[in-house]
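**Q** Residue numbers (the working numbering), protein chains in the order written: chain A, 22 to 213; chain B, 54 to 313. Where is the CB? At the ideal position from N, CA and C, for every residue including glycine.
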Amino acid sequence: MATVWRSQCAFARFFAGKTGLILNNTADLGSKVRPDSISVSKRLYSNYGNSPFVRRIQEQYEFEVVKNPPEWSYVERLLPFEGIPKVTPKESYPSGWIPRKEEASNLPYFLQRTKNEELSIYLDISCRGMRKISKVKKIEGDIWLLNDELKEYLKKRYNRYIESRVHELSKFIEFKGDYVNALKEWAHSKGF
Amino acid sequence: MASLLINALKKIHISTPQIRSSFFSSSAPREVWIENMDTVEEKKLGLFELHPLVYAATPRIDIIQRNVTWQRKFRWVSWAHTKTRAEVRGGGKKPWPQKGLGRARHGSIRSPLFRGGGVAHGPRAGKTHFFMLPFHLRIHGLTSTLSAKLAQDDLHVVKDLELPSDEPEYLIDLIESRNWGPSVLIVDDTDYAPRNLTVASDSLPHVNIMPVYGLNVYSMLKHDTLILTQSAAEKIEGRILHLLHSDTKKQQAEFKLDQV
């Protein structure tokens with residue numbers, strides 16, 4: 022409360038000049054200067070429009086409200102997307118990104134893509150870089166069949182047995198070792 | 054011009070999200086009956102389709118458990134309190150001389166070694182257990198619980214919440230005859246439930262009403278049956294699907310206590 026009273030006094034001091042009854046540190050005088058004895062109209066000075074130095078805003082800025090102006094399309098161009106935009110079909114994409122194909126949905130298993138249309142196949146490096154685990158996530162359908170086929174594929178490609186771990190509830194398979202690129206190639210070849 | 058721009062921006066953000074149909078053919082929409090509340094006997098008013106991403110997700114019990122733990126912990130302030138050796142009364146005087154008695158050296162009878170002494174490293178009051186579960190675990194907690202409820206036939210969709218009377222007996226009979234409950238959580242998309250329902254459920258502690266924004270994993274598990282109005286089911290679906298298919302960097306950012 023004291024700070025409010027002091028700030029009101031500050032304004033009063035400003036307007037009254039030397040003729041006023043206001044001394045320094047007026048808030049401490051208390052009984053001598055009451056808030057109603059000073060004619061300060063209650064205004065919110067933190068607002069630009071209410072400031073005593075601002076007059077006739079209407080005349081300073083001439084404006085009229087226009088519905089659907091042709092320039093609005095330029096504003097729309099700058100607005101953020103409301104969601105993640107849909108993929109526009111093209112022959113090839115300069116980034117190397119490969120779209121998914123319809124034929125993939127005929128398989129007994131399915132790899133879902135993320136909301137950003139990326140394959141969810143990741144490399145997990147732990148134990149100070151000593152343990153590398155490739156993780157295939159978001160698997161729908163027959164996860165055990167997918168596990169068998171992926172193991173077979175990796176065995177043929179690398180000529181050795183590769184350990185895997187299937188987590189049915191969380192819908193992922195992990196392979197011991199860094200096989201992310203091989204797994205991604207396989208997924209793209211199947212149309213995922 | 055500025056207000057026009059702000060209004061336009063608001064409109065764009067409120068508009069319904071574009072929902073992509075799931076690519077995998079087996080995830081078909083789940084059909085449920087729309088039931089009524091205005092008679093004790095069940096009437097099937099129509100069919101309603103629920104989106105499989107929200108109502109037929111894999112029920113990840115681990116995520117549900119983490120949500121429950123989070124909900125119990127984030128509001129828990131532990132008031133367990135022990136006194137240290139400085140706070141226990143007395144113990145200022147040295148109990149016996151340092152040397153010459155053949156006894157162990159001690160400086161205070163309130164040291165943690167003494168019976169009736171202070172506690173070393175004991176609990177101190179006002180310990181908050183607040184933490185924030187990652188955003189997508191909260192979202193998947195909701196979808197998992199909703200899916201589990203639907204799969205167990207514990208989720209029902211009703212057209213509206215209009216009851217013919219405000220007698221609690223009517224509500225009890227209705228819940229009994231429909232094989233709901235005993236505890237029932239009713240979720241509507243507005244803050245204001247019809248008067249008959251609020252009066253009838255007022256004396257029934259196991260029948261609770263909740264708006265859509267209050268829906269949470271703990272309450273869904275606490276109640277046996279979850280009753281959604283049609284509009285509430287749509288709103289939950291739209292909101293969760295929007296969050297599943299949009300950029301959530303803002304929601305995923307680190308939670309700060311002073312940002313509100």
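Say whether chain A places a C-beta atom closer than 8 Å to the C-beta of residue 111 of chain B.
**A** Yes - at least one Cβ of chain A is within 8 Å of the one on residue 111 of chain B.
**Q** So which residues of chain B does residue 192 of chain A contact, with C-beta pairs closer than 7 Å?
**A** Per Cβ cutoff of 7 Å: 111.
**Q** Does residue 105 of chain A come within less than 8 Å of chain B when only Cβ atoms are used?
**A** By this cut-off, residue 105 of chain A is an interface position.
**Q** Taking Cβ-Cβ distances shorter than 8 Å, what residues in chain B pair up with residue 136 of chain A?
**A** Under the 8 Å cutoff, chain B gives 297, 298, 299.
**Q** How would you call residue 211 of chain B, buried or exposed, if buried means at least 16 neighbouring beta carbons within 10 angstroms?
**A** Buried, by the Cβ-count rule.
**Q** For residue 261 of chain B, which residues of its own chain have a beta-carbon under 6 Å away from its beta-carbon, when the five flanking residues on both sides are left out?
**A** Excluding residues within five positions, the ones whose Cβ falls inside 6 Å are 238.
**Q** For the alpha helix (DSSP H) containing residue 27 of chain B, list its first residue and its last residue.
**A** Limits of chain B in this structure are 54 at one end and 313 at the other, which puts residue 27 of chain B out of reach.
**Q** Which value, in whole angstroms, describes the spacing of the CA atoms of residue 130 of chain B and residue 173 of chain A?
**A** About 54 Å.
**Q** Under 7 Å Cβ to Cβ from residue 186 of chain B, same chain only, skipping five residues before and after it: list those, please.
**A** These residues qualify, in order along the chain: 119, 120, 123.
**Q** Residue 52 of chain A to residue 68 of chain A, Cα distance in whole Å?
**A** Unreliable positioning characterises residue 52 of chain A in this predicted model, as indicated by a pLDDT of 44, which lies under 50. A coordinate reading is not provided.
**Q** Let's test the definition: count the other Cβ atoms within 10 Å of the Cβ of residue 201 of chain B and tell me whether it reaches 16, buried, or not, exposed.
**A** With 16 or more other Cβ atoms within 10 Å, it is buried.
**Q** Which of the three DSSP states is assigned to residue 273 of chain B in this structure?
**A** Here residue 273 of chain B sits in helix by DSSP.
**Q** So, do the region 154-172 of chain A and the region 100-116 of chain A have three or more beta carbon pairs nearer to each other than 8 Å?
**A** They do not touch, by the three-pair rule.
**Q** Along the chain, which unbroken stretches of the beta strand (DSSP E) at least 3 residues long are found entirely within the region 107-170 of chain A?
**A** Runs found: 130-132, 142-147, 152-157, 160-162.
**Q** Where do the ends of the beta strand (DSSP E) carrying residue 291 of chain B lie?
**A** Not the beta strand (DSSP E): residue 291 of chain B falls in the alpha helix (DSSP H), residues 283-297.
**Q** Taking the beta carbon of residue 255 of chain B as the centre, do at least 16 other beta carbons fall within 10 Å, making it buried, or is it exposed?
**A** It counts as exposed.
**Q** Given a threshold of 16 other Cβ atoms within 10 Å of its Cβ, counted over all protein chains shown, does residue 95 of chain A qualify as buried or as exposed?
**A** Burial call: exposed.
**Q** Between which two residues does the alpha helix (DSSP H) holding residue 192 of chain B run?
**A** Unbroken alpha helix (DSSP H) run through residue 192 of chain B: 188-204.
**Q** Of the choices B:148, B:179, B:152, whose alpha-carbon is the least far from that of residue 164 of chain B?
**A** Among B:148, B:179, B:152, the Cα nearest to that of residue 164 of chain B belongs to B:148.
**Q** Considering just the uninterrupted stretch of the alpha helix (DSSP H) at residue 93 of chain A, what are its terminal residues?
**A** Counting along the chain, the alpha helix (DSSP H) containing residue 93 of chain A begins and ends at 93-99.
**Q** Residue 203 of chain A and residue 178 of chain A look like a contact to me (Cβ under 8 Å); what is the Cβ gap, rounded to whole Å?
**A** Contact flag correct, Cβ pair sits at about 6 Å.
**Q** I'd like to know whether the C-beta atoms of residue 219 of chain B and residue 252 of chain B end up nearer to each other than 8 Å.
**A** Taking 8 Å as the Cβ cut-off, residue 219 of chain B and residue 252 of chain B qualify as a contacting pair.
**Q** Spell out the partners DSSP gives residue 68 of chain A in its beta bridges.
**A** Bridge partners of residue 68 of chain A: none, in fact.
**Q** Which stretch, first to last residue, makes up the alpha helix (DSSP H) that contains residue 25 of chain B?
**A** Given that chain B is displayed from residue 54 to residue 313, the structure contains no residue 25 of chain B and the question cannot be resolved.
**Q** Given a threshold of 16 other Cβ atoms within 10 Å of its Cβ, counted over all protein chains shown, does residue 121 of chain A qualify as buried or as exposed?
**A** Answer is buried; the Cβ neighbour count reaches 16.
**Q** Tell me where the alpha helix (DSSP H) around residue 119 of chain B begins and ends.
**A** 114-126 is the extent of the alpha helix (DSSP H) around residue 119 of chain B.
**Q** Between B:190, B:294, B:217, which lies nearest to residue 89 of chain B when the distance is taken from Cα to Cα?
**A** For the residues B:190, B:294, B:217, the minimum Cα distance to residue 89 of chain B belongs to B:217.
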